[in-house]
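*Asks:* Please see the structure below; I have some questions.
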Amino acid sequence: MTSANQKFVLVTGGCGFMGSHFIRLLYNKYPNYTIVNLDLLTYAGNQENLKDVNDSEKALPEDERRYIEVVGDVCDEKLVNNLFNEYKFDLVVHFAAESHVDRSIFNFGDFIRTNIEGTRVILEAVKRYKVPQTIHISTDEVYGNVPEGLSTESSPLNPSSPYAASKTAGDMLARTYATIYGIPLAIVRSSNNYGTFQYPEKLIPLTITNLLNDEKIPVHGEGQHIRSWLHVEDFCDAVDRIAHSGFDFSIYNLTGEHRSNLEVIEQIANYLDKNHLDYIEHVHDRPSADLRYAPDASKIRKELGWEATHRFSDSLGAAVDWYKNNEKWWKDIRSKGEFLDHYEKQSKARWY
Ligand SMILES: NC(=O)c1ccc[n+]([C@@H]2O[C@H](COP(=O)([O-])OP(=O)(O)OC[C@H]3O[C@@H](n4cnc5c(N)ncnc54)[C@H](O)[C@@H]3O)[C@@H](O)[C@H]2O)c1
């Protein structure tokens, strides 16, 4: 059933960790939005992440459904153009990416393809079909190592991993499309996210699930790398505010709370009544690893009144509880070859 104020939104990579949370937010908050999720279902994509949304849809009569999952590649220009032509999107939010730094060191190619060429294909369609608002999801890793102080949106970009380099290229493409073609576009450079449904090769879910399995935790180098941890629901709240702010062109940093990797591991172990020292296994650091990221989020606080509301000390425990209570979700992933093959390399830190 279509209504006068119905809007069509494209989310790419919506079966991943952050994209699935963003779709859930849109779906529950805006009953007049029809959401199209274009996702290739790579190893990181999981339709189970949106089971609640799919279940709600099944309960509705067909003409009231408003979530459409399209399994496909953002690099597939013909498919992308067909979708833009069919739905005349009001908003595009581009999450789809290869997102794991470790994997990028082993295999640069997939990152170039999805994070650069895929971004170009989406931007080209945005331009052709004159989409009124587009948000490109970038990362704080584009700024590279920040030994002290904070990175503002105008700090130089200095990526130091294949992942960060490919995201920087995508970020620069987005900016170029905005400046050359006048596309209304926002770029979001977020710090590390945590929360439910995160693929268990990333630090927090890997630590939780290894501890639940009573397995050692591979720690890069001395574990002193500092990241700024942001709860995924705070991230989604920021993107929601940006999406409804009526931007022409803008870049927004997002940030959370600083912790070293060892502090994160210790807090999780404490929560599970374990001693982290019994579980830590130091492995070679990533080559050229960034010691600290520190984006300055004053701009979005000032302009859009955004503030992270989840405190790391409380919300990390809630995330641990979720993984504890959803063993099937992560055990299914961890039993697959795609996880095991990479984990073998990641845990031994054989980078070349
Ligand atoms: N996770 C973080 O802490 C973090 C922090 C800052 C920025 N980001 C950025 O946020 C975005 C989402 O990150 P995430 O952690 O949710 O990633 P993720 O790896 O959990 O999910 C990525 C999703 O993209 C899909 N995908 C991959 N290649 C595709 C392709 N060619 N075509 C269509 N779909 C494809 C995957 O199937 C998956 O569903 C990425 O752009 C990432 O760079 C992530």
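Heads up, the sequence shown is in this note's numbering, so the first residue is 15 and it goes up one at a time. Where a beta carbon is used, it is the ideal one built from N, C-alpha and C, also for glycine.
(1) Using only the heavy atoms of ligand 1, determine whether one of them is closer than 7 Å to the beta carbon of ILE282.
(2) Smallest Cα separation from VAL297: which of TYR101, ILE265, PRO161, HIS234?
(3) Beta carbon of ILE240, beta carbon of LEU187: below 8 Å?
(4) With a Cβ-Cβ cutoff of 8 Å, do PRO173 and VAL156 count as a contact?
(5) Can you name the start and end residues of the alpha helix (DSSP H) that ASP69 belongs to?
(6) Check whether the Cβ atoms of ALA110 and THR128 lie closer than 8 Å to each other.
(7) Hey, would you say PHE31 sits closer than 8 Å to PHE326, going by beta carbons?
(8) Can you name the start and end residues of the beta strand (DSSP E) that LYS21 belongs to?
(9) Keeping to the same chain, check which residues put their C-beta closer than 6 Å to that of GLU369; ignore five residues upstream and five downstream.
(10) Using a Cβ-Cβ distance under 8 Å, would TRP365 count as near chain B?
(11) Can ALA257 and ILE149 be called in contact, C-beta distance under 8 Å?
(12) Using 8 Å for Cβ pairs, my map puts SER152 next to LYS181. What's the rounded Cβ distance?
(13) Between the Cα of PHE36 and those of VAL106, LEU354, GLU358, LEU226, spot the shortest distance and give me the residue it belongs to.
(14) For SER113 and ALA311, what's the separation of their Cα atoms in angstroms?
(15) Relative to the C-alpha of ASN159, which candidate in ILE347, SER274, ILE119, ALA303 has its C-alpha closest?
(16) Can you check DSSP and say which residues form a bridge with ILE49?
(17) Is there at least one non-hydrogen atom of ligand 1 closer than 7 Å to the beta-carbon of ILE151?
(18) Given a cut-off of 8 Å, decide if VAL94 and ILE136 are closer than it, judged by their beta-carbon atoms.
*Replies:* Taking the structure as given:
(1) no
(2) HIS234
(3) no
(4) Yes; because the gap between Cβ atoms is below 8 Å, this pair is in contact.
(5) 65 to 72
(6) yes
(7) Between PHE31 and PHE326, the C-beta spacing is not below 8 Å.
(8) 21 to 26
(9) Limits of the chain in this structure are 15 at one end and 366 at the other, which puts residue 369 out of reach.
(10) Structure shown: chain B not included; a single protein chain is present.
(11) Closer than 8 Å, so yes.
(12) 6 Å
(13) VAL106
(14) Those two C-alpha atoms are separated by around 22 Å.
(15) ALA303
(16) VAL23, TYR81
(17) yes
(18) yes
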